[in-house]
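**Student:** 356 is the number that my numbering gives to position 302 of the sequence shown; each next residue is one higher, with no gaps.
A single structure is presented below for examination.
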Amino acid sequence: MDLFEYQGKQFFASFDIPVSPGDVATTVDDAVAVAERLADYPVVVKAQVQVGGRGKAGGIKLAADADEVRRHAGDILGMDIKGHTVERVWVEKASDIAEEYYASFTLDRSAKQHLGMLSAEGGVEIETVAVDNPDAIAKIWIDPVVGLSEDVARQWVADAKLDDAATEGAVDILLKLYRAYTEGDADLVEINPLILTPEGKVHALDAKVTLDGNAEFRHDWDGFEATQERDEREEAAHDRGLQYVGLDGTVGVIANGAGLAMSTVDVVNQVGGSPANFLDIGGGANAEVMAGALEVINNDPKVRSIFINIFGGITRGEEVANGIVSALGRVQIDSPIVIRLDGTNAEEGRTILAEHESDSLISKPTMLEAARAAVELANR
Ligand code: GDP
Ligand code: MN
């Protein structure tokens with residue numbers, strides 16, 4: 055779950071990370087009211103969209119008085135930034151900036167550790183720094199069991215060559231940021247820029263946070279959940295409790311298990327097709343779940359064929375096959391379906407499917423053959 059900057063700052067503030075005082079507004083009048091409440095000009099008016107480079111796009115403006123807030127908020131609200139319409143602005147007290155740094159934590163899946171990145175070259179996009187000046191990014195890998203100690207954080211700050219005046223503030227924020235990342239169940243926390251003010255204070259001027267949706271049950275994230283930006287397909291899938299990510303292709307994909315769903319997306323690409331989505335129906339491939347998944351995919355106008363890739367584990371092949379057949383009796387599907395069923399009792403399952411085979415319901419014994427058939431149907 056991706057947060058807007060203002061939500062990221064609320065999240066940071068709850069872990070005691072210093073951010074500028076401010077508030078969110080959806081109208082020009084509200085933006086002016088926020089600024090007047092802050093009563094501490096200049097303020098910054100910032101477009102709230104889940105995309106970087108807002109500054110360059112004209113979505114971040116300093117305002118010296120209420121009239122300027124009115125003008126800037128008027129310009130920014132409704133603005134299009136890289137395909138995202140600005141519906142909210144965040145108005146905060148402006149900061150004086152001496153230095154701009156970069157700090158983040160994310161998961162390095164291949165290393166099975168947390169990855170911290172820190173750089174004295176903040177403000178610009180980190181991808182640019184990584185390409186032009188990779189040595190300017192100090193990286194540390196953190197064993198989640200060991201965690202991040204103050205000593206390690208201090209050495210890290212030294213390695214990143216932050217200014218001496220920033221050391222104490224940076225160490226403090228990095229320890230808090232690590233706590234926010236782990237205890238807050240985030241997949242990514244990023245501060246760019248992390249600033250040093252002329253007075254020697256370090257604080258977060260921007261916030262990019264991705265929360266781990268699987269941890270939602272142990273947090274109160276209703277406020278964040280309410281503003282999630284989903285396309286229609288993703289909304290429909292979310293309502294049915296399905297793990298779905300919309301893509302741009304023509305082959306609808308249904309698989310059980312996230313790993314298999316990803317492999318299915320890969321194999322569709324490999325044989326020259328383009329997946330319309332990622333959809334993991336989870337462990338129990340019963341009729342109810344399958345019908346919901348088929349409905350979601352069927353409502354995607356780009357879909358030309360559907361590839362159902364199921365590996366029976368605890369759910370046996372005949373249950374899966376019966377689930378599919380029963381789901382097809384419930385929903386009218388416009389595109390031909392190719393099924394690969396394997397695993398526990400696959401033979402029994404295939405026998406059931408064979409009774410229902412037609413031009414629009416085809417069973418294939420392997421993942422590769424099924425992918426080829428689905429792609430061929432989509433390209434026809
Ligand atoms: P992004 O462009 O979407 O990453 O938005 P940021 O929030 O990172 O802001 C972009 C840039 O605007 C920063 O790197 C700063 O240079 C500038 N900026 C943002 N807030 C302030 C502020 O309070 N004071 C000043 N002087 N500049 C700011
Ligand atoms: Mn930024």
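Think of the CB as a built atom: it goes at the ideal place given N, C-alpha and C, for glycine as much as any other residue.
Specify, as a first and last residue, the run of the beta strand (DSSP E) that Ala-408 falls within.
**Tutor:** Within the sequence shown, residue 408 is the residue found at index 354, counting from 1. Ala-408 -> not in any beta strand (DSSP E); alpha helix (DSSP H) instead, spanning 400-408.
**Student:** With a cut-off of 8 Å on the beta carbons, I'd call Ser-194 and Ser-173 a contact; round off their distance for me.
**Tutor:** For the purposes of this step, residue 194 is taken as residue 140 along the sequence shown, with counting starting at 1. For the purposes of this step, residue 173 is taken as residue 119 along the sequence shown, with counting starting at 1. A small correction: the amino acid at residue 194 is Ile; Ser does not occupy that position in the sequence shown. No, Ile-194 and Ser-173 are not in contact; Cβ-Cβ is about 12 Å, not under 8 Å.
**Student:** Under the three-state reduction of DSSP, which class applies to Gly-277: helix, strand or coil?
**Tutor:** In the sequence shown, counting from the first residue as 1, residue 277 sits at position 223. The answer is helix: DSSP assigns Gly-277 an H, G or I state.
**Student:** Which stretch, first to last residue, makes up the beta strand (DSSP E) that contains Gly-76?
**Tutor:** Counting from one through the sequence shown, the residue named residue 76 turns up at place 22. First-last of the beta strand (DSSP E) with Gly-76: 76-79.
**Student:** Unbroken alpha helix (DSSP H) runs of length 4 or more, entirely within the region 261-319: which are they?
**Tutor:** Those alpha helix (DSSP H) runs which fall completely within the region 261-319 and span 4+ residues are 276-280 and 286-293.
**Student:** With burial defined as no fewer than 16 other Cβ atoms inside 10 Å of the residue's Cβ, what is the status of His-410: buried or exposed?
**Tutor:** Here residue 410 refers to the residue found at position 356 when the sequence shown is read from its first residue. Exposed, because fewer than 16 other Cβ atoms sit within 10 Å of the Cβ of His-410.
**Student:** Using the DSSP secondary-structure output, state which residues sit across from Pro-252 in a beta bridge.
**Tutor:** Residue mapping note: residue 252 aligns to position 198 of the sequence shown, counting from 1. Pro-252 pairs with nothing; no bridge assigned.
**Student:** Touching or not, the region 348-365 and the region 394-408, by the rule of three or more beta carbon pairs under 8 Å?
**Tutor:** Because the criterion of three Cβ pairs below 8 Å is met, the region 348-365 and the region 394-408 touch.
**Student:** If Val-350 and Arg-294 are in contact, beta carbons under 8 Å, what's the gap, nearest whole angstrom?
**Tutor:** Taking the first residue of the sequence shown as position 1, residue 350 is located at position 296. Taking the first residue of the sequence shown as position 1, residue 294 is located at position 240. Contact flag correct, Cβ pair sits at about 7 Å.
**Student:** Indicate the three-state DSSP secondary structure (helix, strand or coil) for Gly-397 in the structure shown.
**Tutor:** The count along the sequence shown starts at 1 and reaches residue 397 at position 343. Strand at Gly-397.
**Student:** When the Cα of Gly-132 is compared with those of Ala-117, Asp-334 and Gly-113, which residue comes out closest?
**Tutor:** Looking up residue 132 in the sequence shown gives position 78. Of Ala-117, Asp-334 and Gly-113, the residue nearest in Cα terms is Gly-113.
**Student:** Answer yes or no: do Leu-431 and Ser-417 have a C-beta to C-beta separation smaller than 8 Å?
**Tutor:** Here the question's residue 431 lines up with position 377 in the sequence shown. Here the question's residue 417 lines up with position 363 in the sequence shown. For Leu-431 and Ser-417, no; Cβs fall outside 8 Å.
**Student:** Are there any heavy atoms of the ligand MN lying less than 7 Å away from the beta-carbon of Asn-352, as far as the coordinates show?
**Tutor:** Residue 352 sits at position 298 when you count from the first residue of the sequence shown. No, the ligand MN has no heavy atom inside 7 Å of this Cβ.
**Student:** Please tell me whether, using a cut-off of 7 Å, the distance from the CB of Asp-260 to the nearest non-hydrogen atom of the ligand GDP is below it.
**Tutor:** Translated into the one-based positions of the sequence shown, residue 260 becomes position 206. Checking every heavy atom of the ligand GDP against the Cβ of Asp-260, one is found closer than 7 Å.
**Student:** Check for me: the alpha helix (DSSP H) holding Ser-380 runs from which residue to which?
**Tutor:** As a working mapping, residue 380 is identified with position 326 in the sequence shown. First-last of the alpha helix (DSSP H) with Ser-380: 371-384.
**Student:** Can you list, in chain order, the residues of its chain whose CB lies under 8 Å from that of Lys-136, leaving out five sequence neighbours each side?
**Tutor:** By one-based count along the sequence shown, residue 136 stands at place 82. Correct list, in chain order: Val-103, Val-105, Gly-107 and Ala-111.
**Student:** Suppose you measure from the CA of Ala-207 to the CA of Gly-238; what does that come to, to the nearest Å?
**Tutor:** The count along the sequence shown starts at 1 and reaches residue 207 at position 153. The count along the sequence shown starts at 1 and reaches residue 238 at position 184. Between Ala-207 and Gly-238, the C-alpha separation is close to 19 Å.
**Student:** Compute the Euclidean distance between the alpha carbons of Lys-115 and Gly-313, then round it to the nearest angstrom.
**Tutor:** Residue numbering aside, residue 115 sits at position 61 when the sequence shown is read from its first letter. Residue numbering aside, residue 313 sits at position 259 when the sequence shown is read from its first letter. The straight-line gap from Cα to Cα measures roughly 44 Å.
**Student:** Going by Cα to Cα distance, which pick from Asp-84, Val-88, Ala-127 and Leu-57 is closest to Lys-100?
**Tutor:** As a working note, residue 100 is residue 46 in the sequence shown. For Lys-100, the nearest C-alpha among the options comes from Ala-127.
**Student:** Quickly, what does DSSP pair Trp-144 with across the bridge? List them, please.
**Tutor:** Position 90 of the sequence shown, counted from the first residue, corresponds to residue 144. In DSSP, Trp-144 forms a bridge with Val-78 and Lys-100.
**Student:** Verify the contact flag: Glu-154, CB atom, against every heavy atom of the ligand GDP, threshold strictly below 7 Å.
**Tutor:** Here residue 154 refers to the residue found at position 100 of the sequence shown. Because some heavy atom of the ligand GDP lies under 7 Å away, the Cβ of Glu-154 counts as near it: yes.
**Student:** With distance defined between alpha-carbon atoms, name the residue in Gly-371, Ile-196, Asp-274 and Asp-266 nearest to Ser-68.
**Tutor:** Counted from its first residue, the sequence shown places residue 68 at position 14. Comparing Cα-Cα distances from Ser-68 to each of Gly-371, Ile-196, Asp-274 and Asp-266, the minimum goes to Asp-274.
**Student:** Please indicate yes or no: does the CB of Ala-174 lie closer than 7 Å to some heavy atom of the ligand GDP?
**Tutor:** If you number the sequence shown from 1, residue 174 lands on position 120. No, since every heavy atom of the ligand GDP falls outside the 7 Å radius drawn around the Cβ of Ala-174.
**Student:** Does the beta-carbon of Thr-369 have 16 or more other beta-carbons within 10 angstroms, so that it is buried, or is it exposed?
**Tutor:** As a working note, residue 369 is residue 315 in the sequence shown. Under this definition Thr-369 is a buried residue.
**Student:** Use the C-beta contact count for Pro-329: other C-beta atoms within 10 angstroms, 16 or more gives buried, fewer gives exposed.
**Tutor:** Position 275 of the sequence shown, counted from the first residue, corresponds to residue 329. That one is buried.
**Student:** Is Pro-42 helix, strand or coil when you go by DSSP?
**Tutor:** Because the chain in this structure spans residues 55 to 434, residue 42 falls outside the shown range and cannot be described.
**Student:** Helix, strand or coil: which one does DSSP assign to Ala-392?
**Tutor:** One-based indexing of the sequence shown puts residue 392 at position 338. It should be noted that the sequence gives Val, not Ala, for residue 392. Strand, per DSSP.
**Student:** On the criterion of 16 or more Cβ atoms from any shown chain inside 10 Å, does Ser-359 qualify as buried, or is it exposed?
**Tutor:** Within the sequence shown, residue 359 is the residue found at index 305, counting from 1. Burial call: buried.
**Student:** Is Ile-151 buried or exposed, if buried means 16 or more other CB atoms sit within 10 Å of its CB?
**Tutor:** To locate residue 151, count along the sequence shown from 1; it is residue 97. Exposed, because fewer than 16 other Cβ atoms sit within 10 Å of the Cβ of Ile-151.
**Student:** Spatial neighbours of Gly-403 within its chain, please: CB distance less than 6 Å, with the 5 preceding and 5 following residues excluded, ordered by chain position.
**Tutor:** Here residue 403 corresponds to residue number 349 of the sequence shown, with the count starting at 1. The residues are Gly-371, Glu-372, Val-374, Ala-375 and Leu-395.
**Student:** Quick one: what does DSSP say Glu-154 is sitting in, helix, strand or coil?
**Tutor:** Walking along the sequence shown from the start, residue 154 turns up at place 100. Three-state DSSP puts Glu-154 in a strand.
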